[in-house]
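Chains as they are written, first to last, in the UniProt record's numbering: chain V, 1 to 360; chain L, 1 to 360; chain R, 1 to 360; chain B, 1 to 360.
Using N, Cα and C, we set each Cβ at its ideal position, and we do this for glycine too.
If you're wondering where the values come from, they're calculated on a predicted model, not measured in any experiment.
Right, one structure below, let's go through it.
Protein chains: 4
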Amino acid sequence: MNTFGQLLRVTTFGESHGPAIGCVIDGCPPGIAIAPEDFVRDLERRATGRSRHTSQRHEADEIEILSGVYEGVTTGTPIALLIRNTDARSKDYSAIAQQFRPGHADYSYWQKYGIRDPRGGGRSSARETTMRVAAGVIAKKWLADRHGVRVQGWLAQLGDVTPKGFDAGVIDTNPFFWPDAAQVIELEAFMDALRKSGDSVGAKVIVEATGVPPGWGEPVYGKLSAELGAAMLSINAVKGVEIGDGFDVVAQHGSTHRDLMRPEGFESNHAGGILGGISTGQPVRASIAFKPTSSLRLPAPTLDVQGNEVDIVTTGRHDPCVGIRATPICEAMMALVLMDQALRHRAQCGDVGEVSPRIP
Amino acid sequence: MNTFGQLLRVTTFGESHGPAIGCVIDGCPPGIAIAPEDFVRDLERRATGRSRHTSQRHEADEIEILSGVYEGVTTGTPIALLIRNTDARSKDYSAIAQQFRPGHADYSYWQKYGIRDPRGGGRSSARETTMRVAAGVIAKKWLADRHGVRVQGWLAQLGDVTPKGFDAGVIDTNPFFWPDAAQVIELEAFMDALRKSGDSVGAKVIVEATGVPPGWGEPVYGKLSAELGAAMLSINAVKGVEIGDGFDVVAQHGSTHRDLMRPEGFESNHAGGILGGISTGQPVRASIAFKPTSSLRLPAPTLDVQGNEVDIVTTGRHDPCVGIRATPICEAMMALVLMDQALRHRAQCGDVGEVSPRIP
Amino acid sequence: MNTFGQLLRVTTFGESHGPAIGCVIDGCPPGIAIAPEDFVRDLERRATGRSRHTSQRHEADEIEILSGVYEGVTTGTPIALLIRNTDARSKDYSAIAQQFRPGHADYSYWQKYGIRDPRGGGRSSARETTMRVAAGVIAKKWLADRHGVRVQGWLAQLGDVTPKGFDAGVIDTNPFFWPDAAQVIELEAFMDALRKSGDSVGAKVIVEATGVPPGWGEPVYGKLSAELGAAMLSINAVKGVEIGDGFDVVAQHGSTHRDLMRPEGFESNHAGGILGGISTGQPVRASIAFKPTSSLRLPAPTLDVQGNEVDIVTTGRHDPCVGIRATPICEAMMALVLMDQALRHRAQCGDVGEVSPRIP
Amino acid sequence: MNTFGQLLRVTTFGESHGPAIGCVIDGCPPGIAIAPEDFVRDLERRATGRSRHTSQRHEADEIEILSGVYEGVTTGTPIALLIRNTDARSKDYSAIAQQFRPGHADYSYWQKYGIRDPRGGGRSSARETTMRVAAGVIAKKWLADRHGVRVQGWLAQLGDVTPKGFDAGVIDTNPFFWPDAAQVIELEAFMDALRKSGDSVGAKVIVEATGVPPGWGEPVYGKLSAELGAAMLSINAVKGVEIGDGFDVVAQHGSTHRDLMRPEGFESNHAGGILGGISTGQPVRASIAFKPTSSLRLPAPTLDVQGNEVDIVTTGRHDPCVGIRATPICEAMMALVLMDQALRHRAQCGDVGEVSPRIP
């Protein structure tokens with residue numbers, strides 16, 4: 001299942017070290033101005049090799065628009081985007097073609113299909129997320145232009161380090177998408193030590209969408225929360241998703257959790273902007289847990305395809321913390337979910353803003 | 001979107017206080033022996049009014065099989081299940097028909113549709129989950145008979161109380177699905193005090209499936225983890241989902257997290273039985289966070305449909321902790337996801353067990 | 001696959017002689033006034049036993065609305081409709097439980113599933129179409145109220161008899177849905193003779209929708225024409241579908257076929273109101289071929305489940321021409337396709353009527 | 001909706017005169033040997049400019065495999081195919097950018113989207129069918145290798161000319177896919193005269209699949225007949241589809257139509273290999289009606305986007321009979337439908353050949 005979304009359908013293809021990766025975006029409304037330059041910023045934010053703290057693979061990531069856009073405007077027909085793979089060093093992986101890297105999809109893919117493309121993880125590589133970010137650019141644009149919705153993510157935890165302060169303005173001024181500029185030096189030292197150790201750590205990303213009107217999301221199985229969960233858990237290395245207070249609700253009392261409504265607005269947002277699976281008009285917030293990458297320079301025992309025990313060392317170029325570059329990916333997935341739900345809402349209930357009173 | 005699953009499609013319908021609730025299960029293989037008695041146990045486990053710690057609404061929950069079963073065996077045609085609502089006290093809710101209960105779906109439904117059935121929460125009521133449990137019974141049966149898969153859930157946290165020990169054998173011997181019998185008295189005291197206070201608490205449920213063969217789950221957007229996430233987050237009151245170590249991975253190092261493979265089997269299961277979205281053959285484990293119900297006897301300010309501030313007190317019959325009865329619901333959702341993925345795997349790759357060597 | 005439609009999803013269930021048949025209609029907009037009485041007319045038009053020219057099975061066909069309607073208005077949640085089977089004489093079929101009726105689905109179902117419900121054809125019975133008609137009633141109402149679309153069908157051929165004249169006003173005044181009242185006596189004599197002979201004949205139905213705005217239908221695989229084709233060919237006994245001139249186009253010249261556009265409107269409608277899979281604003285017209293039923297009183301050789309040759313005579317109650325009662329079914333399927341496409345169009349392109357100039 | 005199929009999902013993209021056309025094939029089983037050469041034959045059969053009787057546009061139609069194939073074998077991940085457009089003369093179309101060509105999708109697209117790519121018909125061009133043929137090559141290969149199914153189409157009528165004899169062996173030896181070699185000279189004269197006249201004619205294609213096992217196809221809405229109907233009606237210029245005897249059944253008697261079963265096999269195949277929407281094991285046969293192309297050198301009045309009447313003459317390069325090249329397209333669509341149904345059957349019922357006795 002390489003298609004995401006019900007009405008805004010994004011189908012991605014491509015392997016890490018194949019000739020190209022790409023996607024087809026179907027169901028996009030006509031009349032949206034789209035140019036190759038629109039993709040540059042978010043692809044840059046996600047790209048590897050932009051700082052010493054991420055994989056040193058250098059991909060040009062130049063988007064070619066193959067269809068669906070005429071004279072700079074979407075026509076309503078499928079939008080195909082293509083990126084050629086330019087810096088794919090397959091030799092890095094030849095050694096492990098017959099081995100299962102621990103913590104990777106090698107074994108499960110091989111058990112499922114009886115065959116796998118071992119070059120850079122093939123289809124299971126995070127390289128695929130480039131196309132999520134590209135598709136997300138269009139969704140972000142539509143959400144902002146038509147509904148004034150803004151989607152912003154940041155790194156909320158790196159290993160055991162958490163932000164001391166929060167300033168949305170600094171998130172994109174450092175390579176960590178960190179909301180507290182004062183901690184950046186500390187983080188760089190943390191990452192340098194980590195890289196030297198040959199080990200990796202996990203991270204937590206928070207994504208928030210503001211300006212979402214009430215009424216988006218479909219009961220019962222198409223809940224906005226359920227689709228955000230699926231969207232985030234479909235990203236490589238994600239092991240957990242929270243909406244609003246998430247697991248903190250376990251120890252909460254109802255008298256604390258329930259967000260009271262006043263004529264001037266909600267008093268709190270423990271729900272993360274979603275009640276009964278439908279948006280309330282408050283900011284929609286999700287937290288995502290990224291596991292530490294399993295591609296380490298530290299040797300480890302594993303098995304080969306014959307079931308023999310062998311020692312493995314992952315060379316190749318990898319991120320000591322995949323979570324760092326994941327922020328724009330999480331933003332993209334939230335934008336795609338919101339736009340899809342917006343279209344589904346329009347189909348069944350017409351455009352938003354028809355019911356009142358609306359709570360501020 | 002009231003349908004769940006791609007190949008095993010469960011469509012549910014019905015409101016809390018309408019004439020009936022039901023579901024249609026499409027895509028089910030032929031030849032499965034199904035009788036009304038098969039549904040009794042799990043419906044009992046989920047049902048209200050079975051102990052003083054859950055809502056006192058008493059529903060007979062008698063399943064009628066309307067189609068798809070001939071002479072006690074499934075025929076491959078859609079299986080329709082129906083339960084008449086017998087104990088629906090609508091008068092309990094008449095008072096709040098014009099008010100938005102804080103923390104409930106009242107406001108979001110009303111903003112989406114411009115109309116809502118206020119009786120017992122209408123469609124947003126957890127009454128709907130009865131049908132998930134019923135459908136799950138068929139999935140559990142097929143998984144056990146054909147693949148030897150067993151799905152078991154338990155309550156892993158109630159408010160701030162956590163299990164001291166773990167004995168799978170006692171889970172179904174107490175009304176809390178609690179794995180440590182020695183703590184049951186403590187839990188009863190906890191719940192009695194809570195009920196007296198008129199407040200509510202959250203809970204955490206863990207569900208585990210054993211015997212799942214490697215290879216189930218579809219990259220990239222149909223990951224087993226992603227669909228489990230959507231399944232759990234589609235359950236009422238769920239605010240978070242974890243696969244394997246979940247949010248603990250944030251502070252973990254890769255050298256700790258990666259589960260090493262040995263000829264005799266995996267050394268650990270931090271991944272929760274899923275790598276790259278595909279099962280590894282290890283137990284598949286998910287944790288689910290349930291918020292405290294917002295239906296409290298404690299009065300609170302809220303708004304009516306005209307936007308005026310009013311005081312509200314939720315009378316009616318409610319659970320002080322909705323998470324307690326959620327265990328069989330989580331089991332059902334995991335069973336439905338696994339059976340759906342098993343069918344999808346068979347479609348693309350043929351029956352399981354074709355690739356070797358298989359790690360124990 | 002017992003669900004029809006992408007956004008307006010109709011899932012039907014039930015066997016001919018099971019306890020009940022029903023459907024769940026998901027994705028229906030809120031705010032539509034629906035009452036049980038609304039279904040009476042079309043269910044009557046489709047029903048058996050209303051004239052001596054159709055099967056003598058007498059079904060009350062009383063619709064019970066189980067969900068999705070509150071105080072007489074749709075709420076946007078799934079609408080479940082149920083009809084209990086009251087006149088199911090299973091004994092009629094016991095004799096042929098082990099035999100394959102020629103021209104019926106007995107053999108193909110048995111080969112697919114390895115099991116079948118032989119009572120009245122089980123799931124393959126045209127009894128299922130009752131629910132299509134019921135769902136169609138809601139679609140017709142929405143199309144008429146919101147868009148002024150009217151869907152009308154008639155019998156365009158019965159065996160080798162074709163209408164001499166056309167008067168839409170008389171279609172519903174005779175049991176044949178025949179547009180020329182003067183031929184009704186002839187048709188009754190034709191059917192009486194046919195019934196005496198124990199044989200059956202085929203029929204052709206034409207359905208036309210007027211008032212359809214231009215722009216409905218999705219390229220490339222969701223063409224309005226393609227979905228009408230699937231809708232009609234999903235009806236029991238249908239062997240052919242035409243849009244507009246249908247098979248007459250094979251011998252036509254382009255200079256004849258192309259419908260010229262003038263400021264005052266199209267000069268002709270060879271296209272049947274669809275170009276490139278999208279409606280043009282002209283009447284949408286489809287012709288449907290119904291085969292002669294294979295349930296005859298004339299004995300014939302066939303096989304039993306052991307592969308032995310046996311003689312078979314279909315007793316039971318059957319239509320000498322299933323096409324006669326098919327007119328309201330074809331109307332319903334066209335209405336369901338149009339409403340689904342209208343919702344999909346609204347999702348992607350917003351409500352209709354935004355582009356001009358519109359050709360009359 | 002630019003995706004076709006439920007389990008074997010083909011998503012196509014691209015405009016007639018855009019940079020490229022392509023498709024993504026998802027859900028394809030692993031282990032199928034695929035090379036670029038495999039596509040040559042059917043792309044040649046469909047291609048323009050191969051004889052003077054088709055459009056003189058010369059496209060190299062060189063397939064590039066972008067993903068899903070590793071070392072010459074499918075891996076189970078999405079297969080992306082790309083063809084660059086090399087001979088796109090946009091200038092031919094500049095004149096009619098502001099006009100609606102009669103009988104074309106210009107007006108309906110423009111009404112739907114409010115914008116259109118006029119170059120060569122943009123997305124509505126038959127250029128898209130190149131990708132159907134390419135995807136069909138993989139389906140044909142899988143069907144033949146795994147199930148021994150063969151799909152063969154031919155031209156059954158050209159204008160008012162019908163085949164006098166039938167010899168499957170000659171179908172691919174003439175540019176008309178005509179089954180009677182003796183008539184080829186007659187057809188060439190017919191086409192030469194037609195081309196001189198500047199007019200066009202319609203055609204009828206028949207496609208037949210042999211070796212299809214009984215049991216493929218899904219009741220009720222996923223009938224094999226219904227999906228063949230949708231598949232064929234989704235092809236440009238198709239106005240009608242028949243299964244088996246098609247519209248001839250209207251005047252037939254049941255005693256003639258019902259195909260009798262004998263231990264040695266069926267006595268006839270009026271049903272076209274499908275009963276109750278499920279294959280019977282007999283050859284599956286469909287007839288497809290293609291309208292005469294509306295791109296003529298004969299001038300005609302039409303409207304421009306302002307609604308003014310103007311005269312139009314279609315220059316550019318066009319087929320005097322689009323049906324001629326449609327034969328491989330119809331084959332491809334039937335192959336895609338059959339493979340999709342085969343996978344769906346395997347999912348629900350396991351592999352075929354499990355039920356006996358099988359009728360020869």
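DSSP, reduced to helix, strand and coil, places Phe-177/L outside both helices and strands of the structure shown, so it counts as coil.
Along the stretch 169–228 of chain B, the beta strand (DSSP E) occurs as fully enclosed runs of 3 or more residues at 203–210, listed in sequence order.
In the three-state reduction of the DSSP assignment, Lys-112/B falls in the helix class. Within 10 angstroms of the beta-carbon of Gln-6/L lie 16 or more other beta-carbons, which makes it buried. Beta-carbon to beta-carbon, Ala-105/L and Gly-121/L are separated by about 7 Å, close enough to satisfy the 8 Å threshold. Considering only beta carbons, the part of the stretch 293–309 of chain R lying closer than 9 Å to chain B consists of Thr-293, Ser-294, Ser-295, Leu-296, Leu-298, Ala-300, Pro-301, Thr-302, Leu-303, Val-305, Gln-306, Gly-307, Asn-308, Glu-309, in chain order. For the 8 Å CB-CB criterion, Leu-338/L and Gly-229/V do not form a contact. DSSP, read as helix, strand or coil, puts Pro-301/V in strand. Taking a C-beta cut-off of 8 Å against chain B, the contacting residues of the stretch 29–40 of chain V are Pro-30, Gly-31, listed in chain order.
When C-beta distances to chain B are compared with 8 Å, the residues of the stretch 3–24 of chain L below that value are Leu-7, in chain order.
At a cut-off of 8 Å between C-beta atoms, Tyr-113/R counts as an interface residue with respect to chain L. Of the residues assessed, Ala-203/V falls on the buried side of the cut-off, its CB having 16 or more other CB atoms within 10 angstroms. Going by beta carbons, Ala-300/B and Lys-140/B fall outside the 8 Å limit. Here the alpha carbons of Tyr-109/L and Asp-26/R stand approximately 16 Å from one another. If you draw a straight line from the Cα of Gly-169/R to the Cα of Gly-18/B, it is about 51 Å long. Here the C-alpha atom of Arg-262/V lies approximately 13 Å from the C-alpha atom of Thr-280/V. Residue nearest to Pro-214/V within the set Asp-304/V, Asp-145/V, Thr-74/V, Arg-346/V is Arg-346/V (criterion: CA-CA distance).
Per DSSP, Gln-341/V is not a residue of any beta strand (DSSP E); the alpha helix (DSSP H) it occupies stretches across 327–349. In the DSSP assignment, Phe-4/L forms a beta bridge with Val-10/L. By the neighbour-count criterion, in which 16 or more other beta carbons inside 10 Å mark a residue as buried, Ala-35/B falls on the exposed side. The alpha carbon of Pro-118/R has as its nearest neighbour, out of Gly-350/R, Ser-200/R, Ala-332/R, Thr-314/R, the alpha carbon of Thr-314/R. By the Cβ-count criterion, Lys-164/L is exposed, with fewer than 16 other Cβ atoms from all chains shown falling within 10 Å of its own Cβ. Taking Leu-194/L as the centre and dropping the five residues before and after it, the same chain places the C-beta of Gly-159, Ser-200, Val-201, Pro-320, Cys-321 closer than 8 Å to its C-beta, in chain order.
By the neighbour-count criterion, in which a residue is buried when 16 or more other Cβ atoms sit within 10 angstroms of its Cβ, Asn-308/V is exposed. Judged by pairs of C-beta atoms under 8 Å, the stretch 185–192 of chain V does not touch the stretch 232–246 of chain V, as fewer than three such pairs exist. The three-state secondary structure of Ile-138/B, taken from DSSP, is helix. By the neighbour-count criterion, in which 16 or more other beta carbons inside 10 Å mark a residue as buried, Arg-46/V falls on the buried side. Closer than 8 Å to the CB of Leu-158/R there is not a single CB belonging to chain L. Not a single CB atom of chain R sits nearer than 8 Å to the CB of Gln-152/B. Assignment of His-257/R by DSSP, reduced to helix, strand and coil, places it in the helix class. By the 16-neighbour rule on beta-carbons within 10 angstroms, Gly-254/R is buried. Asp-26/B: member of the beta strand (DSSP E) spanning 20–26, first to last residue. Here the alpha carbons of Phe-13/V and Val-40/B stand approximately 23 Å from one another. In chain order, Ser-294 place their CB closer than 7 Å to the CB of Gly-103/V, counting only its own chain and leaving out the 5 sequence neighbours on each side. Between Tyr-70/B and chain V, the shortest Cβ-Cβ separation is below 8 Å. Here the C-alpha atom of Gly-31/V lies approximately 6 Å from the C-alpha atom of Thr-75/V.
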